[in-house]
Structure formats: structure tokens, C-alpha cells
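Take a look at the structure set out below.
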Amino acid sequence: MKQLIIDIGNTRIKTAVFEKEILLEESSFEDFSLFLTYAKRQNFSHAIVSSVTYTESQLTDLLGFPFLFLSSKTRIPFQNLYATPETLGVDRKAAVIGARTVFENCPVLAIDLGSCITYDFLDGSDCYLGGAISPGLQMRFKAMNQHTVRLPLVEMDPEETPKMIGDSTVACLRAGVYFGIEFEMQGFIQAYQARYDGLKVIICGGDSKIFESLTKDHIFVIPNLVLRGLNRILSYNVNYQ
Numbered sequence: 003m004k005q006l007i008i009d010i011g012n013t014r015i016k017t018a019v020f021e022k023e024i025l026l027e028e029s030s031f032e033d034f035s036l037f038l039t040y041a042k043r044q045n046f047s048h049a050i051v052s053s054v055t056y057t058e059s060q061l062t063d064l065l066g067f068p069f070l071f072l073s074s075k076t077r078i079p080f081q082n083l084y085a086t087p088e089t090l091g092v093d094r095k096a097a098v099i100g101a102r103t104v105f106e107n108c109p110v111l112a113i114d115l116g117s118c119i120t121y122d123f124l125d126g127s128d129c130y131l132g133g134a135i136s137p138g139l140q141m142r143f144k145a146m147n148q149h150t151v152r153l154p155l156v157e158m159d160p161e162e163t164p165k166m167i168g169d170s171t172v173a174c175l176r177a178g179v180y181f182g183i184e185f186e187m188q189g190f191i192q193a194y195q196a197r198y199d200g201l202k203v204i205i206c207g208g209d210s211k212i213f214e215s216l217t218k219d220h221i222f223v224i225p226n227l228v229l230r231g232l233n234r235i236l237s238y239n240v241n242y243q
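Taking my numbering, the leading residue of the sequence shown gets 3, the next gets one more, and so forth.
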């Protein structure tokens with residue numbers, strides 16, 4: 003029984019086809035019509051959509067096939083102890099549930115490196131306690147450019163680790179952003195480790211590959227973690243019926 007997973011972001015549409023929890027294929031689209039052609043060619047029993055750009059009613063008209071729309075009201079396979087559950091982003095839910103698909107019965111911390119960096123924690127009893135949000139890599143570069151007079155807008159070279167000691171303004175900006183994020187993540191991870199024995203950490207999101215050097219025996223980089231989480235949410239809701 004195949005399941006179609008659809009994650010519609012601001013610029014890209016990411017999809018995956020799963021059979022149970024086995025990932026069969028993964029695709030990415032920038033054009034909605036190409037995505038729609040692809041989706042309608044797939045043979046699947048159930049589908050789930052997470053979207054930051056379309057409403058459920060808009061997608062019902064556009065897609066032409068039944069799907070589960072991920073919202074704050076969707077059933078999820080953990081106890082949500084967030085003080086404001088209605089404000090918890092669906093991508094954050096999917097990331098931490100994706101972490102649970104990789105590591106069962108232990109505390110997990112999902113770090114999603116996207117527009118913002120989100121930290122989401124699930125304890126060993128499947129209780130979601132919350133986490134943290136900080137500016138993402140591109141947001142930091144843009145903030146320094148937009149809120150100063152002379153600092154240029156810089157991008158990170160994903161194939162090159164910046165120098166710790168920058169020898170030019172561009173190099174200093176890259177060092178500040180890259181190592182600022184690295185040290186921030188290391189600080190959070192160490193603080194969680196001190197509180198929760200057996201913690202597993204998974205880094206995901208569009209900028210996760212830039213920080214693959216952090217991979218250790220308890221830290222893993224899995225870029226498609228959100229898709230894995232969406233698949234489990236779909237299975238949970240299908241089985242609930």
C-alpha cells in the first residue's frame with residue numbers, strides 16, 4: 003500500500019512515495035503543473051499534504067484526488083505538551099515525528115535548518131515538550147546586509163567550510179554566520195544531553211548538508227526527515243479510522 007507525501011513550501015514542492023515506512027522515491031518541483039502531472043501518474047492508496055502556500059480548499063480544487071491536509075487539528079502520534087498547540091508549525095511536528103521514525107523509545111531532538119532554525123524535542127515517552135526557534139542561515143546574511151550601511155549580501159558556498167578567522171569582510175561574514183550556527187547547535191545539543199540520557203539528534207532541512215561535519219555517533223544528518231514524519235502522520239491517521 004503506497005502513500006504519496008507532499009510538502010509544499012514557499013519555493014519548492016517536495017514529494018515522496020512510501021510503502022509503509024520504506025522510502026521508494028523522492029522528487030522536487032519548482033513548477034506546480036509539473037508536480038501535478040507527476041502526482042496524478044502515481045499509484046497510491048493515501049496522500050498527505052503539508053502546505054505553507056495553499057489552503058485545504060484551494061488544494062481540493064487543484065489536486066483532484068483525496069488527501070489528508072496537515073493542520074493544527076490533525077491527529078499526531080505523540081502527546082503535545084506545548085502551551086500554545088494551535089501555534090505549533092506543522093513542519094515542526096513533522097520533523098520531530100520524522101526523528102521518531104529513525105529512533106524509537108529514546109529522547110530525540112530534531113534540528114531543522116530552513117528559513118529559521120527550529121529545535122523540537124520529544125522525550126522517551128513520546129511527550130512533545132517544545133524547543134526553540136532562531137534565525138536561519140540566509141536570514142542572518144540578509145539581516146546584516148539590510149540593517150547596516152556597508153555590509154554586503156553574502157551567500158555560503160556549500161562546498162567550502164569558512165575559515166574560523168576571516169581575512170576579509172566577506173570571509174568574516176561567512177565565519178560569523180557559519181560558526182555562529184554551529185556553536186549555537188552544539189550548545190543546545192550539550193544542554194539537552196546533560197538533561198536527557200540517550201539523546202539522539204537529527205539535523206534536517208535545506209541547509210543541513212552544510213553542517214554535515216557535525217555528524218557523530220549521536221548526531222545524524224537526514225535532509226528528508228520532514229517527509230518521513232509526514233508519512234508516519236498519514237499512517238497514524240489511516241490506522242486510526
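For glycine and all other residues, C-beta sits at the position ideal for the given N, C-alpha and C.
Since I believe residue j is in contact with residue i (beta carbons under 8 Å), could you give me their beta-carbon distance rounded to a whole number of angstroms?
i: cysteine 129; j: lysine 202; result: At roughly 16 Å, the Cβ-Cβ gap does not stay under 8 Å, so cysteine 129 and lysine 202 are not in contact.
i: glutamine 5; j: alanine 49; result: 7 Å
i: asparagine 12; j: threonine 55; result: 6 Å
i: isoleucine 235; j: leucine 72; result: 7 Å
i: arginine 14; j: phenylalanine 31; result: 7 Å
i: arginine 77; j: tyrosine 242; result: 6 Å
i: tyrosine 84; j: glycine 126; result: Their Cβ separation, rounded to whole angstroms, is 18 Å, which puts tyrosine 84 and glycine 126 out of contact at 8 Å.
i: valine 19; j: phenylalanine 37; result: That belief does not hold up - the Cβ atoms of valine 19 and phenylalanine 37 are roughly 13 Å apart, past 8 Å.
i: valine 156; j: valine 172; result: 5 Å
i: valine 92; j: serine 52; result: 5 Å
Shortest alpha-carbon distance to residue i belongs to which of the options?
i: leucine 139; options: Asn147, Gly132 and Val104; result: Asn147
i: valine 240; options: Glu27, Arg14, Asp93 and Pro68; result: Pro68
i: methionine 158; options: Glu28, Ile204 and Asp209; result: Asp209
i: alanine 134; options: Lys144, Leu115 and Thr150; result: Leu115
i: serine 29; options: Ala101, Gln195, Ile10 and Ser127; result: Ile10
i: cysteine 118; options: Glu21, Cys206 and Leu65; result: Cys206
i: isoleucine 204; options: Phe37, Phe213 and Ala101; result: Ala101
i: lysine 75; options: Glu58, Val179, Thr62 and Tyr194; result: Glu58
i: alanine 177; options: Gly189, Glu184, Met166 and Leu153; result: Met166
i: glutamate 162; options: Tyr194, His149, Pro154 and Phe213; result: Phe213
i: isoleucine 191; options: Thr217, Ser170 and Leu65; result: Thr217
Using a 10 Å radius around the Cβ and a threshold of 16 neighbouring Cβ atoms, would you call residue i buried or exposed?
i: asparagine 233; result: buried
i: leucine 26; result: exposed
i: aspartate 122; result: buried
i: arginine 43; result: exposed
i: asparagine 226; result: buried
i: isoleucine 224; result: buried
i: glycine 200; result: exposed
i: methionine 273; result: The chain is shown from 3 up to 243; residue 273 falls before or after that span and cannot be answered.
i: proline 252; result: Nothing can be reported for residue 252: it is not among the residues displayed for the chain, which extend from 3 to 243.
i: threonine 120; result: buried
i: arginine 142; result: buried
Residue i lies in the beta strand (DSSP E); which residues open and close that run?
i: aspartate 114; result: 110–115
i: serine 30; result: 24–31
i: glycine 168; result: Unbroken run through glycine 168: none, as it is neither H nor E.
i: tyrosine 198; result: Counting along the chain, tyrosine 198 falls outside any beta strand (DSSP E), and DSSP gives it neither H nor E.
i: aspartate 9; result: 4–10
i: valine 156; result: Per DSSP, valine 156 belongs to no beta strand (DSSP E) and is neither H nor E.
i: alanine 18; result: 15–21
i: leucine 124; result: 118–124
What span of residues does the alpha helix (DSSP H) with residue i cover, start to end?
i: lysine 144; result: 139–148
i: alanine 46; result: The amino acid occupying residue 46 in the given sequence is phenylalanine; alanine does not appear at that position. Where phenylalanine 46 is concerned, there is no enclosing alpha helix (DSSP H), given that its DSSP letter is neither H nor E.
i: valine 98; result: 92–104
i: threonine 62; result: 58–65
Nearer than 7 Å: is that true of the beta carbon of residue i relative to any heavy atom of the ligand NAD?
i: leucine 115; result: The ligand NAD is not among the ligands present in this structure, which contains no ligands whatsoever.
Inset, instruction - Any chance you could list the alpha helix (DSSP H) runs of at least 4 consecutive residues sitting entirely within the segment 213–242, in chain order? - result: 227–242
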